[in-house]
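A short write-up of the structure that comes next.
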Amino acid sequence: MTTSDPLPGRPHVAGRPHVAGRSRPDPGEVVIRAAEPADMTSVAELRWRWSVDEEGDAPVTDIAGYVAATAAFATAHPRTHGCVVAERDGVVVGLAWLALTDRPPTPDDLSRVAGDIQSVYVVPELRGSGTGPRLVAALLDEARAAGCRYVRVHSSPRAVPVYARAGFAVDEEYRVVRL
Numbered sequence: 001m002t003t004s005d006p007l008p009g010r011p012h013v014a015g016r017p018h019v020a021g022r023s024r025p026d027p028g029e030v031v032i033r034a035a036e037p038a039d040m041t042s043v044a045e046l047r048w049r050w051s052v053d054e055e056g057d058a059p060v061t062d063i064a065g066y067v068a069a070t071a072a073f074a075t076a077h078p079r080t081h082g083c084v085v086a087e088r089d090g091v092v093v094g095l096a097w098l099a100l101t102d103r104p105p106t107p108d109d110l111s112r113v114a115g116d117i118q119s120v121y122v123v124p125e126l127r128g129s130g131t132g133p134r135l136v137a138a139l140l141d142e143a144r145a146a147g148c149r150y151v152r153v154h155s156s157p158r159a160v161p162v163y164a165r166a167g168f169a170v171d172e173e174y175r176v177v178r179l
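Per full-length UniProt numbering, the sequence shown starts with residue 1, numbered consecutively.
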């Protein structure tokens, strides 16, 4: 993952259409960058906030255990799982992961790679500011650089418009079985 804002010079893209009478949150100076090992505590705390505090998921450990597990995961999987963060005023306010999967070679492509966008989250107070689309764009840039032919995402209904604007479409070729 790159360490600087992967989208310099691009215009601001709003996270959702403007609605008359409702102003968009001011994101201030939000920088999108590759997560560093020191960011994993903030990444884990945001993921905890999302899953446990906002969604009501039942944790299998306490937050300290979750922070340790997240840091261990990032350390163990640097080649296959990259995290980007949105940072404002030195505080991580968003995160997104790109998982890369090597695929078996085919006669026409000996080095196949697929991407999967995972765990995209922006703090509620910055939703609609364009931060989420910038995180997704950064991951797509990384996927292109890694040679991915395609990138998949499993999205919450709330985020479907973000992915649609980024070029994602429903693909009828894939089937899923939940285990």
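C-beta atoms are modelled at their ideal positions from N, C-alpha and C, and glycine is treated no differently.
Everything numeric in this text was worked out from a predicted model, so none of it was measured.
Around the C-beta of residue 158, fewer than 16 other C-beta atoms lie within 10 Å, and the residue is accordingly described as exposed. In the structure shown, the three-state DSSP call for residue 58 is coil. The beta carbon of residue 42 is closer than 7 Å to those of 92 in its chain, skipping five residues each way along the sequence.
Look at the stretch 94-145 and you find these whole runs of alpha helix (DSSP H), each 4 residues long or longer: 131-145.
Here residue 162 is near residue 132, since their CB atoms are less than 8 Å apart. Contact between residue 120 and residue 86 does not hold, since the beta-carbon distance rounds to 10 Å and is not under 8 Å. Judged by DSSP secondary structure, residue 34 falls within the beta strand (DSSP E) whose first and last residues are 30-34. Each residue's CA atom was taken as its position, placing residue 49 and residue 106 some 42 Å apart. By the neighbour-count criterion, in which 16 or more other beta carbons inside 10 Å mark a residue as buried, residue 138 falls on the buried side. For residue 85, the enclosing beta strand (DSSP E) stretches over residues 81-88.
Around the C-beta of residue 129, 16 or more other C-beta atoms lie within 10 Å, and the residue is accordingly described as buried.
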